[in-house]
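Before any comments, here is the structure.
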Amino acid sequence: DAGVIQSPRHEVTEMGQEVTLRCKPISGHNSLFWYRQTMMRGLELLIYFNNNVPIDDSGMPEDRFSAKMPNASFSTLKIQPSEPRDSAVYFCASSFYNEKLFFGSGTQLSVL
Amino acid sequence: GQNIDQPTEMTATEGAIVQINCTYQTSGFNGLFWYQQHAGEAPTFLSYNVLDGLEEKGRFSSFLSRSKGYSYLLLKELQMKDSASYLCAVRGLNQAGTALIFGKGTTLSVSS
Chain A
4 DAGVIQSPRH EVTEMGQEVT LRCKPISGHN SLFWYRQTMM RGLELLIYFN NNVPIDDSGM
64 PEDRFSAKMP NASFSTLKIQ PSEPRDSAVY FCASSFYNEK LFFGSGTQLS VL
Chain B
93 GQNIDQPTEM TATEGAIVQI NCTYQTSGFN GLFWYQQHAG EAPTFLSYNV LDGLEEKGRF
153 SSFLSRSKGY SYLLLKELQM KDSASYLCAV RGLNQAGTAL IFGKGTTLSV SS
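Protein sequences appear in the order of chains A and B. When we follow the numbering used here, the leftmost residue of the first sequence carries the number 4, and every step to the right adds one. When we follow the numbering used here, the leftmost residue of the second sequence carries the number 93, and every step to the right adds one.
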């Protein structure tokens, strides 16, 4: 199995630009999670989906963030407009029901 | 709400034993996980406890006391490659019950 696949690995953009992060979960997994990691705040849950349906988006910082899961094999996290404080590593993870989470390699986002 | 506490940093020497503690307060409880994260990499699963007691897996063991809201990860025969961040995570009870909430992690430095 290829594991959870995220793209891009690195993204450098300027303040105000739109950023789209992509994730392909492990085939057969029915839960998908987006986390953000910073030194100050650690690993924070942004949103998660069960069977392609958003269950809890209370961790999404503000309206500039949005996430979609149009099918079982693809999800996106979009930031529009981006701000320097959004700079972080964004991880996507997937699981089969209540089993352990498998993480992707992450996207290192730098907003200048 | 949920709160997870673990020490920020720990140091130890090769061959030693180290115990990393984690205390949690959650609205409901549905399992506790430990993840390992090397610098610049994604978190990887180490152990899972849902019932009280000790789970042993090679050099690593994890203990849980639900009544005390307490867990620890025990690492034996430390090796240099064990230098990493160790993340405690709790699965609470919500309508779907699958999201993990992570502590900020304990950075372990192993020296020779």
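Backbone N, C-alpha and C fix where the C-beta goes; we use that ideal spot for every residue, glycine too.
Any chain A beta carbon closer than 8 Å to residue i
| i | result |
| --- | --- |
| B/A195 | Checking the displayed sequence, the identity of residue 195 of chain B turns out to be Gly instead of Ala. Yes, contact with chain A. |
| B/P135 | yes |
| B/A191 | yes |
| B/L179 | yes |
| B/Y116 | no |
Span separating the alpha-carbon of residue i from that of residue j
| i | j | result |
| --- | --- | --- |
| B/S203 | B/T103 | 8 Å |
| A/C95 | B/S153 | 27 Å |
| A/S76 | B/V142 | 29 Å |
| B/Y178 | B/K160 | 21 Å |
| A/P84 | A/Q20 | 5 Å |
| B/A181 | B/S119 | 14 Å |
| A/N54 | B/C114 | 31 Å |
| A/H13 | A/F99 | 27 Å |
| B/T136 | B/Q129 | 6 Å |
C-beta neighbour in chain B for residue i, strict 8 Å
| i | result |
| --- | --- |
| A/S90 | no |
| A/L80 | no |
Distance between beta carbons of residue j and residue i, contact taken as under 8 Å
| i | j | result |
| --- | --- | --- |
| A/D66 | A/I50 | The Cβ separation is near 13 Å, so there is no contact. |
| A/S34 | A/F52 | 7 Å |
| A/L104 | B/L192 | 6 Å |
| B/Q98 | B/G197 | 7 Å |
| B/E147 | B/S139 | 6 Å |
| B/L185 | B/N95 | Actually they do not touch by this definition, with Cβ atoms about 15 Å apart. |
Residue i classed as buried or exposed, judged by whether at least 16 other C-beta atoms fall within 10 angstroms
| i | result |
| --- | --- |
| A/A5 | exposed |
| A/L115 | exposed |
| A/P28 | buried |
| A/Q40 | buried |
(message) My parser needs the beta strand (DSSP E) runs of 3 or more residues fully inside the stretch 7 to 41 of chain A; what are they?
(response) 8 to 10, 13 to 16, 22 to 27, 34 to 41
(request) Entirely within the stretch 109 to 193 of chain B and at least 3 residues each: give me those beta strand (DSSP E) ranges in chain order. (result) If we require 3 residues or more, the beta strand (DSSP E) runs fully inside the stretch 109 to 193 of chain B come out as 110 to 117, 124 to 129, 136 to 141, 145 to 149, 152 to 157, 162 to 167, 176 to 183.
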